[in-house]
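Residues 1 to 542, numbered by this note's numbering, are exactly what the sequence shown covers, in order.
Report on one structure; see the data block that follows.
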Amino acid sequence: MEYPEQPLTAFLDNAAARFPNQVATVFLGRKMTYSMLADSVDRLASALAVLGVKKGDRVALLLPNCPQFIISYFAVLRLGAVVVPVNPLSVERELSEQLQTTDCHVIICQDTRFEKISSIRSEAGLDTCIITGLQDYMPFLSSFYFKKEQRRRGKFLGIPAGRGIVSFMDLLSAKNPVIPKVEINPKEDLAVLQYTGGATGTPKAAMLTHYNLMVNALQVREWFTGYGEGKEIFLGTLPFSHIFGLTVALNFAVNLAATIVLLPKYDAESALLSVQQYGVTFFPGVPSMFVAINSFRYARQYNLSSLRACISGAAALSPEVAKVFEQITGASLVEGYGLTEASPVTHCNLLFGRRKLGSVGIPLPDTECRIVDLETGEREMPVGIAGELVIRGPQVMKGYLNMQQETEDTLRNGWLHTGDIARLDKLGFTYIVDRKKDMIIDGGYNIYPDEIESVLLEMPAVSDVAVVGLPDRYRGEKIKAYIVLREGEMLTKVEVSTYCKERLAAYKIPKLIEFRRELPKDMAGKTLRRMLIEEEKNRPVF
Numbered sequence: 001m002e003y004p005e006q007p008l009t010a011f012l013d014n015a016a017a018r019f020p021n022q023v024a025t026v027f028l029g030r031k032m033t034y035s036m037l038a039d040s041v042d043r044l045a046s047a048l049a050v051l052g053v054k055k056g057d058r059v060a061l062l063l064p065n066c067p068q069f070i071i072s073y074f075a076v077l078r079l080g081a082v083v084v085p086v087n088p089l090s091v092e093r094e095l096s097e098q099l100q101t102t103d104c105h106v107i108i109c110q111d112t113r114f115e116k117i118s119s120i121r122s123e124a125g126l127d128t129c130i131i132t133g134l135q136d137y138m139p140f141l142s143s144f145y146f147k148k149e150q151r152r153r154g155k156f157l158g159i160p161a162g163r164g165i166v167s168f169m170d171l172l173s174a175k176n177p178v179i180p181k182v183e184i185n186p187k188e189d190l191a192v193l194q195y196t197g198g199a200t201g202t203p204k205a206a207m208l209t210h211y212n213l214m215v216n217a218l219q220v221r222e223w224f225t226g227y228g229e230g231k232e233i234f235l236g237t238l239p240f241s242h243i244f245g246l247t248v249a250l251n252f253a254v255n256l257a258a259t260i261v262l263l264p265k266y267d268a269e270s271a272l273l274s275v276q277q278y279g280v281t282f283f284p285g286v287p288s289m290f291v292a293i294n295s296f297r298y299a300r301q302y303n304l305s306s307l308r309a310c311i312s313g314a315a316a317l318s319p320e321v322a323k324v325f326e327q328i329t330g331a332s333l334v335e336g337y338g339l340t341e342a343s344p345v346t347h348c349n350l351l352f353g354r355r356k357l358g359s360v361g362i363p364l365p366d367t368e369c370r371i372v373d374l375e376t377g378e379r380e381m382p383v384g385i386a387g388e389l390v391i392r393g394p395q396v397m398k399g400y401l402n403m404q405q406e407t408e409d410t411l412r413n414g415w416l417h418t419g420d421i422a423r424l425d426k427l428g429f430t431y432i433v434d435r436k437k438d439m440i441i442d443g444g445y446n447i448y449p450d451e452i453e454s455v456l457l458e459m460p461a462v463s464d465v466a467v468v469g470l471p472d473r474y475r476g477e478k479i480k481a482y483i484v485l486r487e488g489e490m491l492t493k494v495e496v497s498t499y500c501k502e503r504l505a506a507y508k509i510p511k512l513i514e515f516r517r518e519l520p521k522d523m524a525g526k527t528l529r530r531m532l533i534e535e536e537k538n539r540p541v542f
């Protein structure tokens, strides 16, 4: 394939020029066309420039899936600045570390998250906080009742402007926006700094260029043949703060000038109603979303005839889940594979034609993959024999921000070493044998045991700890913590959970806790997490 060397904003410019009256977003019933979206992007870009944002600066987005995220994303890119998507579920400690590491001085933040930001603003070095609320883009009546309900619950924030606190809507009110001319080199200039644990599990920021992200959106478009410009309806429920959602539910959608039906919080009933009400044609999601629909007792009562295809990623998709979902909806559900370092999609099953349940499919156009030995990472393994999956393609990142050694360990001789164990069959289909060595995937979120263990070890009563992921039918995996107490110390499961809630995002909090006298170790004293997992598998079920 040939890929244009253009900034990502070209997707929006083309959509607004060719389909100005096409609905770009639907948010809780309120619609915005592509011409309106482009105008809002230009207004915000102009205002950000006045605030001092320039090429190369990093701007954090702490927002759910809402029109403000899309406007902010393209406005920051318009200036040649770099978007730093932040998971809205992150706690203060995580936010502060990420903002400091990426050197963000400006954040665009949902009003309900401002309290978190306020408490770390000084240490994180934030000069400007731009505040917006979901009510800003709701239909009038919905906004009125939303604010009324907030007041009733004592949650109406009324954050005053001043002292570096700016209203998002005020920034859009300026007339005749003037945008500085910025030269962007798509292959070199960063578009997004996306946090990931990578192959090692240590949080780090992957440097993704305009070209990386543009290429991956076009690769996905080539894969899903039959989807046309200006006539598709996407369900935008995958978080845009996650690279899978950013590429497949946002960049790909805007490239097609598709309508994005935004769901800031996922539930099966809302998803089904959106498909029926708006004629959704494409639904990218994670396995737990499809499981939820399969389990919803009224799912078959909805008219889902518009839905043609769904792609599942971020965690393993059960073949049984795929079969039931396809029976309910009549749509094709295909599993893909990717990782943040590859923008993220590298593999996918065929939408039309031969596909293999249980496989993540074959490489996307211009993407190469090999299976290499685990010892050296150089010797190619025979068909059917497991080894490490390595990938090469134009969507692969430049490297990790300020982490030269980690970059060299992951990018070797032009190949991205994923840390995932996989095998190939004779037809070239890839099967993931094991996810990254110890990583837990809970509802599509990548969770790293080391981070949770380090938090638990801060508890004075804790002597040793191990965190593992155990199979879970609904979420893929659930977190279990094994805790060894110091001699003479007492601790309850409730105390452990309460401690974690103050220091970890909700999805990282262990669902199961077990106190033990000791943990299994190898000769070097390293905890054998796999032995704990095997113990769980062999436990009798009563």
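By construction, the Cβ of each residue, glycine as well, lies at the ideal position given by its N, Cα and C atoms.
Since the structure is predicted, the reported quantities are computational estimates derived from the model, not experimental observations.
For LYS493, the closest alpha carbon among the candidates LEU272, GLU536, LYS511 and GLU229 is that of LYS511. The region 290–303 makes no contact with the region 409–425: fewer than 3 CB pairs, one atom from each, lie closer than 8 Å. Looking at the backbone, the Cα of TYR337 and that of GLY133 are separated by about 34 Å. An exposed status is given to ALA506, since fewer than 16 other beta-carbon atoms sit within 10 Å of its beta-carbon. Around TYR298, the same chain offers no residue with a beta carbon nearer than 6 Å, after the five sequence neighbours per side are excluded. Just measuring C-alpha positions, the residue of ASN446, TYR482, GLU489 and GLU487 sitting nearest SER497 is TYR482. Only buried fits GLY80, as 16 or more other CB atoms lie within 10 angstroms of its CB. Going by DSSP, PRO449 is part of the alpha helix (DSSP H) stretching over 449–456. The Cβ atoms of VAL261 and ILE233 lie closer than 9 Å to each other. Cβ neighbours of PRO520 within its own chain (closer than 8 Å, five residues either side excluded): THR527, LEU528, MET531 and LEU532.
Counting along the chain, the unbroken alpha helix (DSSP H) around TYR499 starts and ends at 493–501. Fully contained in the region 192–258 are the following alpha helix (DSSP H) runs of length 4 or more, in chain order: 210–223 and 252–255. In this chain, GLN6 is not harboured by any alpha helix (DSSP H), its DSSP state being neither H nor E. Just measuring C-alpha positions, the residue of LEU504, LYS508 and LEU190 sitting nearest ILE441 is LYS508. In terms of Cβ geometry, LEU401 and MET207 form a close pair [threshold 9 Å].
Rounded to the nearest angstrom, the gap between the Cα atoms of LEU62 and ILE107 is 7 Å. By the 16-neighbour rule on beta-carbons within 10 angstroms, ALA461 is exposed. Between VAL50 and CYS104, the gap from beta carbon to beta carbon reaches 9 Å or more.
Residue pairing by DSSP places PHE168 in no beta bridge whatsoever.
It is roughly 12 Å from the alpha-carbon of ARG221 to the alpha-carbon of MET1.
Excluding sequence positions up to five before and after PRO64, its CB lies within less than 6 Å of the CB of PRO88 and PRO264, all in the same chain and listed in chain order. DSSP lists no bridge partner for PRO287.
Secondary structure of PRO88 (DSSP, three-state): coil.
Closest in alpha carbon position to TYR137, among PRO67, GLY125 and ARG163, is PRO67. If you draw a 10 Å sphere on the C-beta of THR376, you find fewer than 16 other C-beta atoms in it, and that means exposed. With respect to VAL390, THR418 sits close: the two C-beta atoms are nearer than 9 Å.
With a 10 Å radius around the Cβ and a threshold of 16 neighbouring Cβ atoms, TYR227 comes out buried. Assignment of ALA124 by DSSP, reduced to helix, strand and coil, places it in the helix class. Within the region 345–429, the runs of alpha helix (DSSP H) at least 4 residues long that lie entirely inside it are, in chain order, 404–410.
Judged by DSSP secondary structure, GLU477 falls within the beta strand (DSSP E) whose first and last residues are 476–485. ALA506: not part of any beta strand (DSSP E); DSSP gives it neither H nor E. Contact check for GLY469 against VAL286 fails: the beta carbons are separated by 9 Å or more. By the Cβ criterion, the region 245–257 is not in contact with the region 353–366, since fewer than three pairs of Cβ atoms, one from each stretch, lie closer than 8 Å. In terms of Cβ geometry, VAL84 and ALA45 do not form a close pair [threshold 9 Å]. In terms of Cα proximity to ASP170, the closest of SER40, ARG517, LEU427 and GLU341 is SER40. Counting along the chain, the unbroken beta strand (DSSP E) around ASP472 starts and ends at 462–472.
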